[in-house]
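Reviewing the structure listed below.
Numbering (our numbering), first residue to last: 1104 to 1301.
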């Protein structure tokens, strides 16, 4: 996170876009229902740079719409706690990042409210665009699967309030929401790397 992102046009983040507007934007991109959500994008930045950026949990503050302020959980190596004010300002989110630089994969295992069962899994694969598109840069594939917990909160007693919407309530706009975040990722990395993917 070497430079400010405030001057990058088009980023859609909780700090600059009201939730209602973001949901409306996301809904305009929403496909039909599916047990899988995959979004993909070409990014004019080197694969190793994309992988390094995605592997650093602190960067979620920049490219995601609402996850913020991840800090290590004491006594739990590799586990981080942050906040996700999407549905309520006091929602905790826990995450562990599994990253393999040789395979260019970044898997984010997370959950709202508790860190014992990280059931929301975001799978990222970075592909050298020379291999699949014949040009420098990266292709990012980002997949999430509909775990049964999306349908019903398994730990309702841990929610900050009983009225808070559940993360699964947003499933129908996951594809669109992830597409918005992937566009944020693209804009940030292309801004930082000047479109120089070589």
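Note that beta-carbon positions come from the ideal geometry of N, C-alpha and C, so glycine has one too.
Enclosing beta strand (DSSP E) for residue i [first to last residue]
i            : result
residue 1139 : 1139-1146
residue 1214 : 1208-1215
residue 1200 : 1195-1203
residue 1231 : 1223-1231
residue 1127 : Looking at the DSSP string, residue 1127 is not in any beta strand (DSSP E); the run it does join, the alpha helix (DSSP H), is 1122-1130.
residue 1184 : 1183-1186
residue 1161 : Here residue 1161 belongs to no beta strand (DSSP E), and DSSP marks it neither H nor E.
residue 1172 : 1171-1175
Under 8 Å between C-beta atoms of residue i and residue j
i            : j            : result
residue 1241 : residue 1153 : yes
residue 1202 : residue 1187 : no
residue 1158 : residue 1209 : yes
residue 1228 : residue 1261 : no
residue 1147 : residue 1284 : no
residue 1250 : residue 1211 : no
residue 1127 : residue 1290 : no
residue 1279 : residue 1130 : yes
residue 1176 : residue 1218 : yes
Euclidean distance between Cα positions of residue i and residue j
i            : j            : result
residue 1162 : residue 1234 : 27 Å
residue 1108 : residue 1150 : 21 Å
residue 1192 : residue 1232 : 39 Å
residue 1221 : residue 1276 : 21 Å
residue 1288 : residue 1167 : 8 Å
residue 1245 : residue 1199 : 16 Å
residue 1301 : residue 1258 : Unreliable placement is indicated for residue 1301, whose pLDDT of 49 sits below 50; no coordinate value is reported for it.
residue 1104 : residue 1254 : Note that residue 1104 scores a pLDDT of 49, beneath 50, so its modelled location is shaky and nothing firm can be said.
residue 1282 : residue 1165 : 15 Å
residue 1144 : residue 1270 : 24 Å
residue 1183 : residue 1216 : 12 Å
residue 1239 : residue 1264 : 48 Å
residue 1140 : residue 1256 : 20 Å
residue 1123 : residue 1111 : 22 Å
residue 1243 : residue 1295 : 17 Å
residue 1156 : residue 1204 : 11 Å
residue 1120 : residue 1226 : 26 Å
Boundaries of the alpha helix (DSSP H) in which residue i is found, first to last residue
i            : result
residue 1157 : 1150-1158
Inter-residue CB distance, residue i and residue j (contact presumed, cutoff 8 Å)
i            : j            : result
residue 1116 : residue 1194 : At roughly 17 Å, the Cβ-Cβ gap does not stay under 8 Å, so residue 1116 and residue 1194 are not in contact.
residue 1185 : residue 1196 : 5 Å
- Just list the beta strand (DSSP E) runs in the segment 1237-1285, keeping only unbroken ones of 3 residues or longer that don't cross its boundaries, in chain order. 1241-1248
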